[in-house]
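Numbering (the numbering used here), first residue to last: 181 to 572. The C-beta atom is built at its ideal place from N, Cα and C for all residues, glycine as well.
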């Protein structure tokens, strides 16, 4: 079937042929934790209504929808109730489950809600059940092709940032301490600005001047706005007069860590002083394993540099700058190592090993390919669910 284009501009009766199964992945950004979570208040959130129009016209026997896991809890469950009620009124029995490929031995952590339905006049839907997680061991190396030469190498700056953070891990562990389990916010090292009772953005000028802000720099200025620029970026603004409890906790944990380790941290801090804000944060999600970055999966995110064990990949997403890094992989034909996940490896994570990306007449950029794969569903998991649904 040819792609018809903008769903808001097509006529379901004229442009879409009869069908037995309707599959839909209405935009997830309105409900995603990475977005503003505005739900049906976002124009993209209303795409579900256009899907309902197609269902109303063609009345397919089966429905198969997918979205981010947060959909079920969005707006305290009201969004999910609206979806259930609409599909019920259209004549469908519906059920849903939150599943991730990594629960079935597929090396990607990608929790999504899968919504399936069957027309009420087609029998007993109560016999349907989702596949049960097998919890098979995952290994990211099962999708890595070390012979792949169509890859993006790490820039010098990226390697330097990882080397500096490796030095942090070395020094922290060599002194008998554990690597912090909380997010490391290096901007708090040496800081003493007040934050617990009133967020800095709501404080008077005299309370800010003279304090120490980002990486211990002295706070000064003629206005509150001037002073705020010298604080960590996450402390410069606030919706409410007080920070949320989790932010207060993280700031206190990082300041305590600094006090206990400032003997060596002061010298190390000079190496990160000119890093971008997001590169001043590190999330060590590896537990008590050896504190080595080079054999772990690395991801540069807006929330910081995330390090995790090489079991399964974080979820592919639409942001091209968050492509996972494999620091240990050697580069074919070069005396070098460390690269980003390749396009073909990303396709494998989604169960699309044989997928071709364009041709001589129509070439797609790597950025567009990663975005498309980040917006796709995992074929293997969908297949497991579909087999149980269609056999009814």
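Is the CB-CB distance between residue 569 and residue 284 below 8 Å?
-> Walking along the chain shown from the start, residue 569 turns up at place 389. Walking along the chain shown from the start, residue 284 turns up at place 104. No; because the gap between Cβ atoms is not below 8 Å, this pair is not in contact.
Does the beta-carbon of residue 315 have 16 or more other beta-carbons within 10 angstroms, so that it is buried, or is it exposed?
-> The sequence position of residue 315 within the chain shown is 135, counting from 1. By the 10 Å Cβ count, residue 315 comes out exposed.
Tell me whether residue 463 sits in a helix, a strand or coil according to DSSP, three-state version.
-> Taking the chain shown and counting its residues from 1, one reaches residue 463 at position 283. Strand at residue 463.
When you compare only the Cα positions, how much space is there between residue 311 and residue 562?
-> Looking up residue 311 in the chain shown gives position 131. Looking up residue 562 in the chain shown gives position 382. Their Cα atoms are separated by approximately 10 Å.
Exposed or buried, what is residue 522 when buried is set at 16 or more other beta-carbons lying within 10 Å of its beta-carbon?
-> Along the chain shown, one-based indexing puts residue 522 at 342. It counts as buried.
From residue 234 to residue 458, what does the alpha carbon distance come to, in whole angstroms?
-> Taking the first residue of the chain shown as position 1, residue 234 is located at position 54. Taking the first residue of the chain shown as position 1, residue 458 is located at position 278. Taking the straight line joining both Cα atoms gives about 43 Å.
Straight-line CA distance for residue 336 to residue 297?
-> Walking along the chain shown from the start, residue 336 turns up at place 156. Walking along the chain shown from the start, residue 297 turns up at place 117. Those two C-alpha atoms are separated by around 51 Å.
Assign residue 533 to one of two classes, buried (16 or more other C-beta atoms within 10 Å of its C-beta) or exposed (fewer than that).
-> As a first step, residue 533 must be located in the chain shown, where it is residue number 353. Its Cβ having fewer than 16 others within 10 Å, residue 533 is exposed.
Any idea what DSSP makes of residue 228, helix, strand or coil?
-> Numbered from 1 along the chain shown, position 48 holds the residue referred to as residue 228. Correct three-state label for residue 228: helix.
If you draw a straight line from the alpha carbon of residue 382 to that of residue 441, how long is it in whole angstroms?
-> Numbered from 1 along the chain shown, position 202 holds the residue referred to as residue 382. Numbered from 1 along the chain shown, position 261 holds the residue referred to as residue 441. Looking at the two C-alpha atoms, the distance is approximately 31 Å.
In this structure, does DSSP put residue 192 in helix, strand or coil?
-> Numbered from 1 along the chain shown, position 12 holds the residue referred to as residue 192. Note: residue 192 maps to helix in three-state DSSP.
Taking C-beta to C-beta, are residue 414 and residue 392 nearer than 8 Å?
-> On the chain shown, residue 414 is found 234 positions in, with the first residue counted as 1. On the chain shown, residue 392 is found 212 positions in, with the first residue counted as 1. No, they are not a contact pair.
Select from 462, 491, 259 the residue whose C-alpha is nearest the C-alpha of residue 476.
-> Position 296 of the chain shown, counted from the first residue, corresponds to residue 476. The candidate whose alpha carbon is nearest that of residue 476 is 491.
Counted within 10 angstroms of its Cβ, other Cβ atoms place residue 219 as buried (16 or more) or exposed = As a position in the chain shown, residue 219 is number 39, starting the count at 1. Unreliable positioning characterises residue 219 in this predicted model, as indicated by a pLDDT of 43, which lies under 50. A coordinate reading is not provided.
Look at the Cβ atom of residue 199, then the Cβ atom of residue 238, and state whether they are nearer than 8 Å.
-> Position 19 of the chain shown, counted from the first residue, corresponds to residue 199. Position 58 of the chain shown, counted from the first residue, corresponds to residue 238. In contact: residue 199 and residue 238 (Cβ atoms closer than 8 Å).
Can you list, in chain order, the residues of its chain whose CB lies under 8 Å from that of residue 379, leaving out five sequence neighbours each side?
-> Position 199 of the chain shown, counted from the start, is the residue given in the question as residue 379. Taken in chain order, the residues that qualify are 415, 418, 420, 421, 422, 423.
When 486, 557, 369 are compared against residue 447, the one with the closest alpha-carbon = Along the chain shown, read from residue 1 onward, the residue named residue 447 stands at position 267. That would be 369, whose Cα lies nearest to the Cα of residue 447.
Tell me, please, which residues DSSP counts as bridged to residue 488.
-> For this step, residue 488 is matched to residue 308 along the chain shown. For residue 488, which the question treats as bridged, DSSP gives the partners 465, 477.
Out of 190, 232, 540, 509, which has the shortest C-alpha to C-alpha gap to residue 204?
-> Counting from one through the chain shown, the residue named residue 204 turns up at place 24. Out of 190, 232, 540, 509, 232 has the C-alpha closest to the C-alpha of residue 204.
If you pair each beta-carbon of the stretch 269-285 with each one of the stretch 533-545, do three or more pairs fall below 8 Å?
-> no
Beta-carbon gap between residue 331 and residue 519 smaller than 8 Å | The sequence position of residue 331 within the chain shown is 151, counting from 1. The sequence position of residue 519 within the chain shown is 339, counting from 1. A contact, by the Cβ cut-off of 8 Å.
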